[in-house]
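Q: Before I ask anything, let me first share the structure, which is written out below as structure tokens.
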Amino acid sequence: MRSMMIGAAALLGLGLTAPALAAEGGVPHLEWSFSGAFGTYDRAALQRGFQVYKEVCSACHSMKYLSYRDLRDIGFSEAEVKAIAAQYEVATIDENGDPATRKAEPSDRFHSPFPNDEAARAANGGALPPDLSLMAKARHAGPDYIVALLSGYHEPPPGFVVAEGKSYNAVFAGNNIGMPKPISDDQVTYADGTKATLAQEAHDVATFLMWAAEPKLEERKRIGVKVMGFLGLLSIFTYLSYRRVRRKVQGH
Amino acid sequence: MSSSTPFQTNSKIVKWIEARLPIISTLDGALVSYPAPRNLNYWWNFGSLAGFMLVAQLVTGIVLVMHYTPHVTLAFASVEHIMRDVNYGWLLRYAHANGASMFFVVVYIHILRGLYYGSYKAPRELLWWLGIVIFLLMMATAFMGYVLPWGQMSFWGATVITNLFSAIPGVGTSIVTWLWGGFSVDNATLNRFFSLHYLLPFVICAVVFLHLWALHTTKSSNPLGIEIKGEQDTVPFHPYYTAKDMFGLSVFLLFFAYWVFFDPNYLGHPDNYTEANPLVTPAHIVPEWYFLPFYAILRAVPDKLGGVIAMGGAIVILFFMPYLDFSKVRSAKFRPIYKQAFWLLVIDGLILGYVGSQPAEGIWILVGRIASLYYFAHFLVIVPLISWFEKPLPVPESIAKAVLGDKAHG
Numbered sequence: 012m013r014s015m016m017i018g019a020a021a022l023l024g025l026g027l028t029a030p031a032l033a034a035e036g037g038v039p040h041l042e043w044s045f046s047g048a049f050g051t052y053d054r055a056a057l058q059r060g061f062q063v064y065k066e067v068c069s070a071c072h073s074m075k076y077l078s079y080r081d082l083r084d085i086g087f088s089e090a091e092v093k094a095i096a097a098q099y100e101v102a103t104i105d106e107n108g109d110p111a112t113r114k115a116e117p118s119d120r121f122h123s124p125f126p127n128d129e130a131a132r133a134a135n136g137g138a139l140p141p142d143l144s145l146m147a148k149a150r151h152a153g154p155d156y157i158v159a160l161l162s163g164y165h166e167p168p169p170g171f172v173v174a175e176g177k178s179y180n181a182v183f184a185g186n187n188i189g190m191p192k193p194i195s196d197d198q199v200t201y202a203d204g205t206k207a208t209l210a211q212e213a214h215d216v217a218t219f220l221m222w223a224a225e226p227k228l229e230e231r232k233r234i235g236v237k238v239m240g241f242l243g244l245l246s247i248f249t250y251l252s253y254r255r256v257r258r259k260v261q262g263h
Numbered sequence: 015m016s017s018s019t020p021f022q023t024n025s026k027i028v029k030w031i032e033a034r035l036p037i038i039s040t041l042d043g044a045l046v047s048y049p050a051p052r053n054l055n056y057w058w059n060f061g062s063l064a065g066f067m068l069v070a071q072l073v074t075g076i077v078l079v080m081h082y083t084p085h086v087t088l089a090f091a092s093v094e095h096i097m098r099d100v101n102y103g104w105l106l107r108y109a110h111a112n113g114a115s116m117f118f119v120v121v122y123i124h125i126l127r128g129l130y131y132g133s134y135k136a137p138r139e140l141l142w143w144l145g146i147v148i149f150l151l152m153m154a155t156a157f158m159g160y161v162l163p164w165g166q167m168s169f170w171g172a173t174v175i176t177n178l179f180s181a182i183p184g185v186g187t188s189i190v191t192w193l194w195g196g197f198s199v200d201n202a203t204l205n206r207f208f209s210l211h212y213l214l215p216f217v218i219c220a221v222v223f224l225h226l227w228a229l230h231t232t233k234s235s236n237p238l239g240i241e242i243k244g245e246q247d248t249v250p251f252h253p254y255y256t257a258k259d260m261f262g263l264s265v266f267l268l269f270f271a272y273w274v275f276f277d278p279n280y281l282g283h284p285d286n287y288t289e290a291n292p293l294v295t296p297a298h299i300v301p302e303w304y305f306l307p308f309y310a311i312l313r314a315v316p317d318k319l320g321g322v323i324a325m326g327g328a329i330v331i332l333f334f335m336p337y338l339d340f341s342k343v344r345s346a347k348f349r350p351i352y353k354q355a356f357w358l359l360v361i362d363g364l365i366l367g368y369v370g371s372q373p374a375e376g377i378w379i380l381v382g383r384i385a386s387l388y389y390f391a392h393f394l395v396i397v398p399l400i401s402w403f404e405k406p407l408p409v410p411e412s413i414a415k416a417v418l419g420d421k422a423h424g
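Here the protein sequences line up with chains A and B, keeping their order. Sequence positions in the first sequence follow my numbering and run 12 to 263. Sequence positions in the second sequence follow my numbering and run 15 to 424.
Following this line, the structure appears as structure tokens:
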């Protein structure tokens, strides 16, 4: 019985860890406000991260699964969201049925920098800048990887040939990345006065991208803690009632 | 209160129904007065847990379908719509995706329990076979479900697995085209997988019904592996095992909830958060963890057709367990050598699972081949030999004697 229990635990352990064993090489593990059972997003970091996305990343990268209204979640007021949306134009059809443009509303999706993938490739030397909506979940160790990638632009090691139009990146698969070094120290001037070092900017934008990929994380963890508490109590009560029944039926 | 009493009632309404359709007495016989061996241990909880997971997957799945769109241009976006805009959509989807893993955890333990305690032996062969049919249906359902979000791993997993059929000599390529509904995995494939993913769970329900029918005919096996000899050996299912199953379920839900609420993407693959792209192949195409041992067996054979046959054979071989193991004693508790062979098989399965998660190169090819050979040797050589040579320990006279000792009466 005991050996069967240990065996089952081992089976579970190995079966469940196997997927995580791939990759993650060379990506340091960082501290995040949203990790752990009680983790929440640091609102100030989210807003700074949004600023980095808006001023830098959004020149090439779309975030097509987000709407401007989602920004209320990271601490912008209704009026601020409206003002942010109004900076962009979206295609529409006027009353004569002709193509026209209008100012974006909070309910509109984030404006994409290119009308289609072909245009994006043409403007970026053939490389397609990926949509960032889910980037923090689409890579092993997502946020850690994003920071490592953004700070991974170094001089290539001797003998390494950087392909034409590409840059060397220490963590990118194959090390030849289409994206030129996107952020440096003081790339942006933070509205809240935080010193915009490369590390700070990378950490902030990774936080923002994690929120973008998993906007319900806080709600999920908050409910999860209550659910675990409830199930813990339920387990105690169901055990006690089982013991009572067992005594009646089995005599022990 | 040692055993069960047949269904009785004074209610006129119940009597009226019973005279026309004996559904109430049937349910009573299955869930209330069903005489269960009094010595079932916690490993016997996993049958009802599997039943719970089937219902949980059906309920979450049916609601997810209300918001999902099975079209190659919209499927991925509709899953994001569920995650972002549908009320508690994230909970439904994470519960369903992790629920598949939980279902397999439970069913693997349930199958291993059957192998350990000899639950496949006469008169329970049909019960065992129906269980394997359920397992096969589950694998098909899970595979097609994984395709529906239309991520990179969905697409490439579907491509790799459906391509296996091309190994069939002569008609292979035609079969693959027929499965795809075209010349590549595309919208037609997604639509039929969606249709079948919705259909198969109900087929599973039907086979589960047969599985339970067979169970209630032969009655549950038990850790001692000896048959029920009389009333003193049993307890009524309710309240004894209903209470025990409720406790088991509560603890299991704690485990399930951990994944859903605190690490919902751990068991998945990050590549599936990138929309399917037929022009970009992922570096490593890996199936979900519950298919890894079989995937390792598939890759262990250098020949494509051979690999497919080996993978299928790894499951089909389970059907023959009642005959490959002809020991008179059921439970491994009284079979010292079989018990060790069982644990070696478990370790072998773990090794195969790990090999399946690794790229097929270097040392892993050799390890995978040895582990695959051992897997088949276990069933085809080791188990029959043990049945032949092993001297089992003395088996107790009755369940009641073994459990209650001198207190046993009747």
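Ideal placement from N, C-alpha and C gives every residue a C-beta, glycine not left out.
(1) Give me the Cα-Cα distance between E35 of chain A and A152 of chain A, rounded to the nearest whole angstrom.
(2) Residues of chain A with CB closer than 7 Å to the CB of K258 of chain B, please, in chain order.
(3) Answer yes if the region 91-107 of chain B comes into contact with the region 301-321 of chain B, meaning at least three C-beta pairs across the two stretches below 8 Å, and no otherwise.
(4) Identify which residue in B:V190, B:G65 and B:A181 has its Cα closest to the Cα of V322 of chain B.
(5) Check this for me: beta carbons of L139 of chain A and R132 of chain A, under 8 Å apart or not?
(6) Report yes or no: is there a C-beta of chain B within less than 8 Å of the C-beta of M74 of chain A?
(7) Just checking: is the beta-carbon of W104 of chain B within a distance shorter than 8 Å of some beta-carbon in chain A?
(8) Indicate whether E212 of chain A and Y52 of chain A have their beta-carbon atoms separated by less than 8 Å.
(9) Which class does N463 of chain B belong to by DSSP, given the choice of helix, strand or coil?
(10) Give the straight-line distance between the Cα atoms of I85 of chain A and L57 of chain A, rounded to the nearest whole angstrom.
(11) Classify V265 of chain B as helix, strand or coil using the three-state DSSP reduction.
(12) Please go through the same chain and pick out, in chain order, the residues whose beta-carbon is closer than 6 Å to the beta-carbon of L396 of chain B, but skip the five residues on each side of it.
(13) Tell me, which residues are paired with I175 of chain B by DSSP?
(14) At the level of alpha carbons, what is the spacing between V77 of chain B and S345 of chain B?
(15) Within 8 Å, do at least three Cβ pairs link the region 33-43 of chain B to the region 237-247 of chain B?
(16) Helix, strand or coil for S25 of chain B, going by three-state DSSP, please let me know.
(17) List in chain order: all unbroken alpha helix (DSSP H) runs of 4+ residues lying wholly within the region 130-217 of chain A.
(18) Which residues of the region 126-152 of chain A have a Cβ closer than 7 Å to any Cβ of chain B? Give them in chain order.
(19) If you drop the 5 nearest sequence neighbours on each side, which residues of the same chain put their C-beta closer than 6 Å to that of N24 of chain B?
(20) Apart from the five residues on each side of it in sequence, which residues of its chain come closer than 8 Å, Cβ to Cβ, to R113 of chain A?
(21) From what residue to what residue does the beta strand (DSSP E) around P253 of chain B run?
(22) Is L32 of chain A helix, strand or coil by DSSP?
(23) Under 7 Å between beta-carbons, which chain A residues line up against A264 of chain B? List them in chain order, please.
(24) List the residues of chain A whose Cβ lies closer than 8 Å to the Cβ of N205 of chain B, in chain order.
(25) Return the first residue and the last residue of the beta strand (DSSP E) that K114 of chain A is part of.
(26) Report yes if the CB atom of F275 of chain B is closer than 8 Å to the CB atom of K232 of chain A, and no otherwise.
(27) Kindly say whether M239 of chain A, judged by its beta-carbon, lies nearer than 8 Å to any beta-carbon of chain B.
(28) To which residues of the same chain is S401 of chain B closer than 6 Å at the C-beta, ignoring the five residues directly before and after it?
(29) Would you mind sorting F171 of chain A into buried or exposed? The rule is 16 or more other CB atoms within 10 Å of its CB.
(30) In terms of residues, what are the limits of the beta strand (DSSP E) holding V38 of chain A?
(31) Rounded to whole angstroms, what is the Cα-Cα separation between A33 of chain A and M335 of chain B?
(32) Please report the residue range of the alpha helix (DSSP H) in which E94 of chain B lies.
(33) Quick one, are the C-beta atoms of A115 of chain A and A94 of chain A less than 8 Å apart?
(34) Out of B:A290, B:Y48, B:P301 and B:G370, which one is the CA nearest neighbour of V315 of chain B?
(35) Does DSSP put V161 of chain B in a helix, in a strand, or in coil?
(36) According to the Cβ coordinates, are L214 of chain B and T176 of chain B closer than 8 Å?
A: Concretely, from the data shown:
(1) Because E35 of chain A sits at a pLDDT of 43, beneath the cut-off of 50, its placement in the model cannot be relied upon, and the point is left open.
(2) Y253
(3) no
(4) Of the residues B:V190, B:G65 and B:A181, the one whose Cα lies closest to the Cα of V322 of chain B is B:A181.
(5) yes
(6) no
(7) With respect to chain A, the C-beta atom of W104 of chain B has a partner C-beta closer than 8 Å.
(8) no
(9) The requested residue 463 of chain B is not part of the displayed model; chain B covers only 15 to 424.
(10) 6 Å
(11) helix
(12) Leu is not the amino acid found at residue 396 of chain B; the sequence shown has Ile there. Cβ neighbours of I396 of chain B beyond the five flanking positions: A355.
(13) In DSSP, I175 of chain B forms no bridge with anything.
(14) For V77 of chain B and S345 of chain B, the distance between alpha carbons rounds to 42 Å.
(15) no
(16) Note: S25 of chain B maps to coil in three-state DSSP.
(17) 153-161
(18) L145, K148, A149, R150 and H151
(19) none
(20) So the list reads E100, V101 and T103, once near-sequence residues are dropped.
(21) It is not in any beta strand (DSSP E) - P253 of chain B carries neither H nor E in the DSSP assignment.
(22) With a pLDDT of 38 at L32 of chain A, under the threshold of 50, the modelled position of that residue is not reliable, and the figure given next carries that caveat. Here L32 of chain A sits in helix by DSSP.
(23) Reading off the sequence shown, one finds Ser at residue 264 of chain B, where the question assumed Ala. Going along chain A in sequence order, the residues near S264 of chain B (Cβ under 7 Å) are L242, L245, S246 and T249.
(24) Going along chain A, no residue has its Cβ under 8 Å from N205 of chain B, so there is no contact; the nearest lies around 23 Å.
(25) Counting along the chain, the beta strand (DSSP E) containing K114 of chain A begins and ends at P110 to K114.
(26) yes
(27) Yes, M239 of chain A counts as interfacial toward chain B.
(28) Here the set comprises D339, F340 and S341.
(29) exposed
(30) Careful: V38 of chain A lies outside any beta strand (DSSP E) and carries neither H nor E.
(31) The predicted model places A33 of chain A with a pLDDT of 36, which falls under 50 and marks its position as unreliable; any figure quoted below should be read in that light. Using only the alpha carbons, I get a separation of about 35 Å.
(32) A89 to R98
(33) no
(34) Checked all of B:A290, B:Y48, B:P301 and B:G370; the closest Cα to V315 of chain B is B:G370.
(35) helix
(36) Their beta carbons are not under 8 Å apart, which means L214 of chain B does not touch T176 of chain B by this criterion.
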